Every structure is written in C-alpha cells, then in structure tokens.
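Trainee: Below: one structure in structure tokens.
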Ligand code: ADP
Ligand code: MG
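So, in structure tokens, the structure goes:
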C-alpha cells in the first residue's frame, strides 16, 4: 500500500530525511519511533502529501507522489486518514458535527447518512453520550477519540497517526490506544508514530527506528525490542524504559 524509495528532504540546507526506503503491506501495523527531531513527523506527513520532498519516490495506494501531480492529492488524502497529536477538531462544532463535516463536503453524503455513520462511529469509540458536546467540553482522550472517529468516517484505506497520545494525561492514554488496538485487529493498515512501546509490542508487525533523518532499523517488533541492532536504538529503548 505504501512504497517509499530513497526519499530525501531538506528544509533549507538542513537534510531532515535521508535515503528513506520502506514499504507497508495491506493490513500491516508499522510503528515509527526515534528521538525527537529524527524526522518521524516529516516522514509520515510526506505519505499523504502534506510535505513535499526533493528526491526519491513515494507511492501510496498506487498514487505516485514524486510526480507532484497535485490534482491527485485531494483524492489521496481522503483515502489516507491522519490523526495528529493535537486532535485538530473544529472548536465551534460539536463532536457529531466534526464527524459529519468531511462526509458531507468531501464525500457528498446526505446529512442523515453522515449522522448515522457519525453516531455509529461515536458508539465504536465509546462516546455515544458526547455527540452534542463541543470539544472544549471533552477531555483530551475524548477529543482524540472523536478525531479518530472523524478520520474513520471517510472510510480511509490507510491510517497515519502522529504521536496520538503524546498530548494526553497518562490516565487517558489507554482509552485512545484501545481504539487503535481495535482498528489494528480489524485489519486496518496503520503507520503509527508513537513511543508507547507496550502498544508497539502488542500490535505492530514492524518497528522502524529513525535517527537523524535515517531509518536505522526496520524489523519485526519482537526482534527490535529483544535485540536492537544499533547502539542508538539500544540507548533510545533504555531511555524510554527508564521513564
Ligand atoms: P520528529 O517528528 O521525529 O520529532 P520532525 O519530523 O518534526 O521530527 O523534524 C525533523 C527535523 O526537521 C527537525 O530537525 C526539525 O527541527 C526540522 N523541521 C521540522 N519542520 C520544519 C520546518 N517547517 N522548517 C524547518 N525545519 C523543520
Ligand atoms: Mg514529531
């Protein structure tokens, strides 16, 4: 579903992605981890055209991104869901309205159809009661679950998550991870930037470890955790385990 070959990206004179090559198969869950500033967000933002890159090739769902055919991008973004650290809900819309908006505007669903789908997704993320609340009346964990429901409402074929639990208080992390575990078990193809290593162990098929713009390791989760190859990955794992 995703193929990236020798992707390089610079911000000005600073190279932030270096020869990044990897693939994600249908139904795989790939966790991306690594130190802050190593290029994780930049890499996954390249996968749905939120960032341009200067050389290499990326194809996502058979859409070539390197050719910069901008007309394909809106269609691609609809098929690739993205969930951010900061939820990014519309503050003036209720949870239900947040989940309906894209369905009506982008997918041209009727209001009734959009609401039916939104309510079933709210139930799925455990938020039936929250339909009519504004984001400001929801906890961080609830807001993030609404954001996931909003993304799923577009029937994405791949889901990208960029540190979805990093902005949450610790007691809310699991309610969001549980939703993601459910998605993974249903066979959703997922690329997840996270430092939640218990989650990574439980659901990931592969772990990619990034450092200074490079994918330093790309291995089965169990192998990565038991025997990280690089000294950098070892140091990284030790630093997060000791927290
Ligand atoms: P991570 O998600 O792993 O913390 P990022 O992908 O956000 O890393 O950032 C990778 C590098 O790119 C960092 O050095 C960061 O400072 C730099 N960077 C990110 N966004 C921009 C930008 N818009 N302009 C310039 N540099 C940026
Ligand atoms: Mg980041």
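In my numbering, the protein residues as written are 2 to 244.
Beta carbons are placed, not taken as given, at the ideal position from N, Cα and C, and that holds for glycine.
A quick note: this is a predicted structure, and the numbers were derived from the prediction, not measured.
For residue 146, does the count of other Cβ atoms within 10 angstroms reach 16, so buried, or fall short, so exposed?
Mentor: Its Cβ being crowded by 16 or more others within 10 Å, residue 146 is buried.
Trainee: With C-beta atoms as the reference, is residue 63 less than 9 Å away from residue 10?
Mentor: Not in contact: residue 63 and residue 10 (Cβ atoms no closer than 9 Å).
Trainee: Just to confirm the assignment: which complete alpha helix (DSSP H) runs, minimum length 4, are found wholly within the stretch 155-210?
Mentor: Runs of the alpha helix (DSSP H) inside the stretch 155-210: 171-186 and 198-204.
Trainee: Helix, strand or coil for residue 37 per DSSP?
Mentor: If DSSP states are grouped into helix, strand and coil, residue 37 belongs with coil.
Trainee: Can you tell me whether residue 14 is buried or exposed? The criterion is at least 16 other CB atoms within 10 Å of its CB, across all chains shown.
Mentor: Exposed, because fewer than 16 other Cβ atoms sit within 10 Å of the Cβ of residue 14.
Trainee: Using three-state DSSP, classify residue 95 as helix, strand or coil.
Mentor: Coil, per DSSP.
Trainee: What I want to know is whether the C-beta of residue 36 ends up closer than 8 Å to one or more non-hydrogen atoms of the ligand ADP.
Mentor: Result yes, Cβ under 8 Å from the ligand ADP.
Trainee: If you count every other CB in all the chains shown that lies within 10 Å of the CB of residue 174, and 16 or more means buried, which is it?
Mentor: Counting Cβ neighbours within 10 Å, residue 174 comes out buried, since at least 16 surround it.
Trainee: Once you ignore the five residues that flank residue 205 on each side, which residues in its own chain have a CB closer than 6 Å to its CB?
Mentor: Only 30, 32 and 222 meet the Cβ criterion.
Trainee: Note down the Cα distance separating residue 142 from residue 115, rounded to an integer number of angstroms.
Mentor: The straight-line gap from Cα to Cα measures roughly 23 Å.
Trainee: Does the stretch 105-119 come close enough to the stretch 187-203 that 3 or more CB-CB pairs lie under 8 Å?
Mentor: Segments in contact, no.
Trainee: Using a threshold of 8 Å, is the CB atom of residue 57 nearer than that to any non-hydrogen atom of the ligand ADP?
Mentor: Residue 57 Cβ: outside cutoff for every heavy atom of the ligand ADP.
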